[in-house]
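In what follows, a structure is listed as structure tokens, so that the remarks can point back to it.
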Amino acid sequence: HSPVLAALSRCLKFHLGSLAYGGFLLAFISLVRMLVHYLDAHTKQLQKKNRFLHMFMCIVKCCLRCLEKCGKYVSHMAYLVVATRGTGFCSSAMWAMSLIRKHMHQVGTVHVIAYFLLRLGRIGVVALSTFAMFGLLTGSRLVPFGYEPDALLGVSSPLMPMLATLLCAHSITGFCFGVFQTAIDTILLSFCEDLELNKDAHSYYMSMELSHYIDKHTIKHHVKKVDEYGLPIGEANDEYAEFSQDLDRNN
Numbered sequence: 039h040s041p042v043l044a045a046l047s048r049c050l051k052f053h054l055g056s057l058a059y060g061g062f063l064l065a066f067i068s069l070v071r072m073l074v075h076y077l078d079a080h081t082k083q084l085q086k087k088n089r090f091l092h093m094f095m096c097i098v099k100c101c102l103r104c105l106e107k108c109g110k111y112v113s114h115m116a117y118l119v120v121a122t123r124g125t126g127f128c129s130s131a132m133w134a135m136s137l138i139r140k141h142m143h144q145v146g147t148v149h150v151i152a153y154f155l156l157r158l159g160r161i162g163v164v165a166l167s168t169f170a171m172f173g174l175l176t177g178s179r180l181v182p183f184g185y186e187p188d189a190l191l192g193v194s195s196p197l198m199p200m201l202a203t204l205l206c207a208h209s210i211t212g213f214c215f216g217v218f219q220t221a222i223d224t225i226l227l228s229f230c231e232d233l234e235l236n237k238d239a240h241s242y243y244m245s246m247e248l249s250h251y252i253d254k255h256t257i258k259h260h261v262k263k264v265d266e267y268g269l270p271i272g273e274a275n276d277e278y279a280e281f282s283q284d285l286d287r288n289n
């Protein structure tokens, strides 16, 4: 059984309405932006005469752009909650935003680090692919085994093949690193949910490495310990171990 096909089947069977609802909201915001740009294009002459109208149109376009960005982010996080909890779109969006609001510093730190690392990764892959194509076209010694450099020297200019390679590499890395971004956001939401649901018991299910990486000063002593079978180790077991050691000393 393929996990991807199983996930696609569950998505179409149980969460198709949530997908349609989130897509409708984004499409509605995009439609409003298109209408505003249409009005802006047909009122250029009037805006030249009225500076206040020009400023008003700029403010409206800026606000709609920010609204579209926020809508995409909220929809992305809502879809992650829909996938992990199985709730509706609206309740998932409210729960995701509530978790992000309560754990803003962890979310901000992880997002900033992940953004720069993924950007550097994309730049590195694109640059390496373009450089490899340049080596193939110029007959460099960096050409992989199995290629004949003389057969590649017939290209009049390496500019267009390199440009095509750059665009293809940029598109492919966008899809691939988008999967990594989704995985990071899912782990981050699960971390925030673990903190929120288990804060009263001070017993968390996250790994010790994850707790040290994200917030080592607040939760490193409260991570739930598990035995070799994955079962929680409670305080009663620790007290029993101390009692057994004292009994062995007395004997």
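Per this note's numbering, residue 39 is the first one in the sequence shown, and the count goes up by one each step. All C-beta atoms, glycine included, are put in the ideal place defined by N, C-alpha and C. Computed from a predicted model, the values in this text were never measured in an experiment.
Inset, instruction - State the DSSP-derived secondary structure class of Val261, mapped to helix, strand or coil. - result: Its pLDDT being 47, under 50, Val261 is placed unreliably in this model, and the coordinates cannot settle the point.
Inset, instruction - Could you tell me the boundaries of the alpha helix (DSSP H) in which Asp238 lies? - result: Per DSSP, Asp238 belongs to no alpha helix (DSSP H) and is neither H nor E.
Inset, instruction - Taking only the alpha-carbon atoms, compute the straight-line gap between Val148 and His141 and give it to the nearest angstrom. - result: 11 Å
Legend entry - Supposed close pair Ala116, Gly60 - CB separation, criterion 8 Å: 6 Å
Inset, instruction - Look at the alpha carbon of Val112 and the alpha carbon of Phe127, and state the distance between them as a whole number of angstroms. - result: 10 Å
Legend entry - Ser194, DSSP secondary structure in three states: Ser194: coil per DSSP, three-state reduction.
Legend entry - Span separating the alpha-carbon of Met104 from that of Lys110: According to the sequence displayed, residue 104 carries Cys and not Met. One C-alpha to the other measures close to 10 Å.
Legend entry - Contacting residues, own chain, Cβ-Cβ under 8 Å from His92 (five flanking each side not counted): Excluding sequence positions up to five before and after His92, its CB lies within less than 8 Å of the CB of Gln85 and Lys86, all in the same chain and listed in chain order.
Legend entry - 8 Å Cβ cutoff, Phe62 in contact with chain C: Annotation note: the requested chain C is absent from the structure, which comprises a single protein chain.
Inset, instruction - Name the two residues that bound the continuous alpha helix (DSSP H) containing His149. - result: Looking at the DSSP string, the run of the alpha helix (DSSP H) that includes His149 is Met142 to Thr176.
Legend entry - Local Cβ density within 10 Å of Tyr153, reported as buried at 16 or more and exposed below that: It is exposed - the Cβ of Tyr153 has fewer than 16 other Cβ atoms within 10 Å.
Inset, instruction - Run the CB neighbour count on Phe213, radius 10 Å, all protein chains shown included, and call it buried at 16 or more, exposed below. - result: exposed
Inset, instruction - Quick one: using the 10 Å Cβ neighbour count with 16 as the cut-off for buried, is Asp238 buried or exposed? - result: exposed
Inset, instruction - Can you tell me the Cβ-Cβ gap for Val119 and Leu226, rounded? I've got them flagged as a contact below 8 Å. - result: About 12 Å separates the two Cβ atoms, so there is no contact after all.
Legend entry - Residue interval of the alpha helix (DSSP H) (run including Gly55): Leu54 to Ala79 is the extent of the alpha helix (DSSP H) around Gly55.
Legend entry - Exposure label - Tyr76; buried when at least 16 CB within 10 Å: exposed
Legend entry - Alpha-carbon to alpha-carbon, Arg89 and Gln219: 42 Å
Legend entry - Rounded C-alpha distance that separates Ala221 from Ser129: 21 Å
Inset, instruction - Report back the beta-carbon spacing between Ala207 and Val163 to the nearest angstrom; my notes put them in contact at under 8 Å. - result: 6 Å
Inset, instruction - Can you have a look at Pro41 and say buried or exposed, based on whether 16 or more other CB atoms are within 10 angstroms of its CB? - result: Label assigned to Pro41: exposed.
Legend entry - Whole-angstrom distance between Pro199 and Ser228, CA atom to CA atom: Distance from the CA of Ser228 to the CA of Pro199, rounded to the nearest whole angstrom, comes to 44 Å.
Inset, instruction - Figure out for me which residue from Arg71, Cys100, Leu174 and Val217 has the closest Cα to the Cα of Leu291. - result: Outside the displayed span of the chain (39 to 289) sits residue 291, for which this structure offers no information.
Inset, instruction - Mark Leu205 as exposed unless 16 or more other C-beta atoms lie within 10 angstroms of its C-beta, in which case mark it buried. - result: exposed
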